[in-house]
Amino acid sequence: METEKKRSLTGNKAMSEAIRSEMERDENVFVLGEDIGEYGGIFGSTEGLIKQFGPERIMDTPISETGFIGAAIGAASEGMRPIAELMFVDFFGVTMDQIYNHMAKIPYMSGGNVKLPMVLMTAVGGGYNDAAQHSQTLYATFAHLPGMKVVAPTTPYDLKGMMISAIRDDNPVVFMFHKTLQGLGWMDQLDTSIGQVPEETYSVPLGKAKVIKEGTDVTIVGLQMTTHFGMHAVKELEENGINAELIDLRSIVPLDKETILRSVKKTGRLLIVDEDYKSFGISAEIAAIVAEEGLYDLEAPIKRLAIPDVPIPYSRPLEQYILPNAEKIVQAATELANE
Amino acid sequence: MAKKQPVDFEALMSSLEALYPMVQILDKDGNIVNEDIMPDLSDDQLVELMERMVWSRILHERSMALARQGRLGFYAPTAGQEASQLASHFAFEKKDWLYPGYRDIPQLIQHGLKVSQAFLWSRGHVEGNNYPEDLNAVPPQIIIGAQYIQAMGNAVGQKLNKSDAVTFTYTGDGGSSQGDVYEGMNFAGRYKAPIVFFIQNNGYAISTPREKQSAAKALAQKAAAAGIPGVQVDGMDPLAVYAVTKQARDWAAAGNGPVLIETITSRFGPHSTSGDDPTRYRSQESFDYWEQRDPLVRFRKFLTTKGLWTEEKEEEIIEKTMEEIKEAAKEADQAPKQKISNFLKSMFNEPGQNIQEQIAKYEAKESK
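In the order they appear, the protein sequences are chains S and E.
Going by the working numbering, the first sequence runs without a break in its numbering and finishes at 339.
Going by the working numbering, the second sequence runs without a break in its numbering and finishes at 1368.
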């Protein structure tokens, strides 16, 4: 019995299990997108679903992002619960009108009379050598625009639990999953991309950050890969005598500012680590919130680690050079702790 | 008594289908089946076209090997598409403008890009995109279908400038579902812009088969809505591809406006070298069917029968190509290392304070 509880899954299998259980529970749930059928999704999030549910509920679409995201909006407005997969978040460019002028605004413009209970799931992130138009996270681009929940779970446990919450949510939810955390065979193998996932259905609320490790000296805020790097960094910091607290944001909209402010009150020092462009990003938003509501708790200026204002390089060494990593976090957190 | 329907939809649909027969000259066994439309190519030109197709197959095989060794980055396999790619390009002139997709590296090189630069592009080195002044082409498009509208803009510009160059651009069957593809054709039709649009229909949009992408029997019929001619051609037949493309180029150059050409072809391998296993979505029968239609096999038979091609000749081309590729890979290895500070500097003509600070920060790090 103990062994059953400790079942481990990769990120992609946790996601497909969440979708499977919700499709079994509610016949209004269906998935549409490119290469999600026999292929199982380019990043494996619909692996095996076509066999169980067939092509009417796991719909391989033409390469028409505007077409299938618009179709999902139409279906959602009539009470279906579609999950549309945008293959790479970078492809939002060809379909932003449907996403932002429609999906995010119809509930508002109808005075709340039209609900859009849909999930727009999309692969984000770099670090695996896929160049400027396939490696962005664009967390802040979506979070900046009102009308969508935007979540970015890190662990397989949260990928499953938050996908279930996203499907059941009556609002449009942009569900960002990080490619490197899917645990796919052809990607780098990371300890964080595999984890314990209960077999039963459970949900993890949207809008709640998670304190991964408690600490007293410095607060480190991350999400997805920067949380993964943070997990390694806090161990090394601990060995160096620095007791860091690590917060995994999990959700960008709504943002759990209470957890961040509570932590900063305790540690007095804040390092925000983001795999997105630095200017006008999540790190700026969190820094602004802390400046507005927790300035007197700070004992040192806030520090940020993020990508410089340049597209993600294709060259592997240069990509690694600009992406945050554990070493950079250790260095920044050490400087901060000693200020 | 039932009233007569205002329109006979079934008749309408079947008459539409009849408008797009597949043009073929050389059948799969290398026999001429349509003598009347044989293109006007000299023996030397026929041999040159075959040389280019063999060159392309070797470039493909070596690129796959280099990608496996980690000496290339992204690579989209081209084997099977040699007639569709090289015979269409053969009908264009040096002054014409090429807007390629990511699979169209062979045409780019034939148009004048150095092989070493194509390799640098694959490896994500910016020098791979630094095109010489006399190369009328833009770097390969990755975002599906986007090249159609940009190529259209180029062609409208050629017309306004009274240039006699023609623009040509390629997408795939998958790309033909994008709104950009229709917008490009419609706009070009309205301006009678000198452009030839290609849809290389290789049967799959990554894993999604052609019949699941559109109810249109022929993708060429998408031209009708834009008011331009659409043609479907056997994309494994170099003579048919060349003949139709030549006609389309002449038509466009004469001021009649754009043409859409759909080549019926096949990719023998995966979509790309990024983790794609085609056996997950494609049957062995499909591979076998298309390999029997290999454009190299039928053209080789045709030329051999005419006494224009020998095994020795082919060996010679293969060896020459292997040597060329080896040298190009070496040359690519010698490109200067890239720097983040240089990337930042290339963002704006005059970087603002924020970027200037980042440049300074990275220059300091890089000099360590």
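Yeah, the Cβ is synthetic: ideal placement off N, Cα and C, and Gly gets one too.
Per-residue contacts from residue i into chain S (C-beta, under 9 Å)
i	result
Y1281 (chain E)	D35, G37, E38 and Y39
H1125 (chain E)	Y314 and S315
G1275 (chain E)	I42, L184, G185, W186 and M187
M1347 (chain E)	D309, V310 and P311
Q1024 (chain E)	Chain S residues near Q1024 (chain E): none, gap ~27 Å exceeds 9 Å.
Within chain S, partners of residue i - CB distance below 7 Å
i	result
K1212 (chain E)	D60
L1344 (chain E)	P308 and V310
S1177 (chain E)	P62, I63 and S64
M1152 (chain E)	Within 7 Å Cβ-Cβ: nothing; M1152 (chain E) doesn't reach chain S, min ~16 Å.
Q1358 (chain E)	P308 and D309
Residue i versus the options, residue with shortest Cα-Cα distance
i	options	result
Q1247 (chain E)	E:W1121, E:S1286, E:V1023 and E:L1019	E:V1023
T155 (chain S)	S:Q320, S:M15, S:S315 and S:V330	S:M15
A332 (chain S)	S:E285, S:R269, S:L184 and S:V310	S:R269
N1256 (chain E)	E:A1225, E:V1196, E:L1016 and E:V1241	E:V1196
P1336 (chain E)	E:H1111, E:H1125 and E:K1361	E:H1125
I58 (chain S)	S:I36, S:G67 and S:I73	S:I36
R316 (chain S)	E:K1004, E:T1321, E:I1142 and E:Q1338	E:Q1338
E1374 (chain E)	E:T1265, E:L1239 and E:G1269	Here chain E covers residues 1001 to 1368 and nothing more, so residue 1374 (chain E) does not appear.
P1351 (chain E)	S:V310, S:Q320, S:N325 and S:A233	S:V310
V114 (chain S)	S:L295, S:P198, S:I73 and S:K6	S:I73
G1070 (chain E)	E:E1082, E:F1119, E:D1027 and E:E1048	E:F1119
L181 (chain S)	S:T226, S:F53 and S:A326	S:T226
E1267 (chain E)	E:Y1281, E:I1317, E:S1176 and E:G1203	Before going on, a small fix: residue 1267 (chain E) reads as Arg here, not Glu. The shortest C-alpha separation from R1267 (chain E) is found at E:G1203.
A1329 (chain E)	E:L1059, E:G1230, E:S1214 and E:R1300	E:L1059
R1280 (chain E)	S:G11, S:E47, S:F30 and S:M23	S:E47
Whole-Å CB distance - residue i paired with residue j, under 8 Å assumed
i	j	result
T1273 (chain E)	Y1075 (chain E)	5 Å
F1348 (chain E)	I1355 (chain E)	7 Å
A209 (chain S)	I260 (chain S)	7 Å
L1308 (chain E)	L1046 (chain E)	6 Å
L164 (chain S)	T201 (chain S)	Checking the sequence, you will find Ile at residue 164 (chain S) rather than Leu. Indeed they touch by this definition, with Cβ atoms about 6 Å apart.
K179 (chain S)	G125 (chain S)	5 Å
L49 (chain S)	L86 (chain S)	Actually they do not touch by this definition, with Cβ atoms about 17 Å apart.
A152 (chain S)	I312 (chain S)	So it is not a contact: roughly 17 Å between Cβ atoms.
Q1147 (chain E)	Y1182 (chain E)	Not confirmed; about 14 Å, so no contact.
I322 (chain S)	P308 (chain S)	6 Å
I1340 (chain E)	L318 (chain S)	6 Å
G1128 (chain E)	W1121 (chain E)	3 Å
Buried versus exposed call for residue i [16 or more other C-beta atoms within 10 Å across all chains shown]
i	result
S1063 (chain E)	buried
K1326 (chain E)	exposed
F280 (chain S)	exposed
I1032 (chain E)	exposed
A337 (chain S)	buried
K13 (chain S)	buried
T1167 (chain E)	buried
T219 (chain S)	buried
R1068 (chain E)	exposed
K160 (chain S)	buried
V1007 (chain E)	exposed
I1379 (chain E)	Residue 1379 (chain E) lies beyond the residue range present for chain E, which begins at 1001 and ends at 1368; the question has no answer from this structure.
W186 (chain S)	exposed
E34 (chain S)	buried
E17 (chain S)	buried
E2 (chain S)	Bear in mind that a pLDDT of 49 at E2 (chain S), under 50, signals an unreliable position, so the model cannot answer this.
P1132 (chain E)	exposed
G241 (chain S)	exposed
P324 (chain S)	buried
L9 (chain S)	buried
I1037 (chain E)	exposed
M103 (chain S)	buried
Heavy atom of the ligand HEM within 8 Å of residue i beta-carbon
i	result
G40 (chain S)	What this structure holds is no ligand at all, so the ligand HEM is not there to describe.
Under 9 Å from the C-beta of residue i: neighbouring residues of chain E
i	result
A131 (chain S)	G1073, F1074, G1124 and I1142
Contact list for residue i against chain S, beta-carbon separation under 8 Å
i	result
G1174 (chain E)	P62 and I63
N1354 (chain E)	S279 and D309
S1207 (chain E)	D35, G37, E38, Y39 and D60
Proximal chain E residues relative to residue i, where beta-carbon distance stays under 7 Å
i	result
L318 (chain S)	Q1338 and I1340
I322 (chain S)	I1340
Amino acids of chain E, ordered along the chain, whose beta-carbon sits closer than 8 Å to that of residue i
i	result
Y100 (chain S)	Chain E residues near Y100 (chain S): none, gap ~17 Å exceeds 8 Å.
Minimum length 4: unbroken alpha helix (DSSP H) runs contained in the stretch 222-255 of chain S: 225-239
Within the stretch 54-142 of chain S, ranges of the beta strand (DSSP E) (whole runs, at least 3 residues): With a minimum length of 3 residues, the continuous beta strand (DSSP E) runs that stay inside the stretch 54-142 of chain S are 58-60, 81-88 and 119-124.
Unbroken stretches of the beta strand (DSSP E), 3 residues or longer, contained in the stretch 1080-1150 of chain E: 1097-1099
Runs of alpha helix (DSSP H) lying entirely within the stretch 163-212 of chain S, each at least 4 residues, in chain order: none
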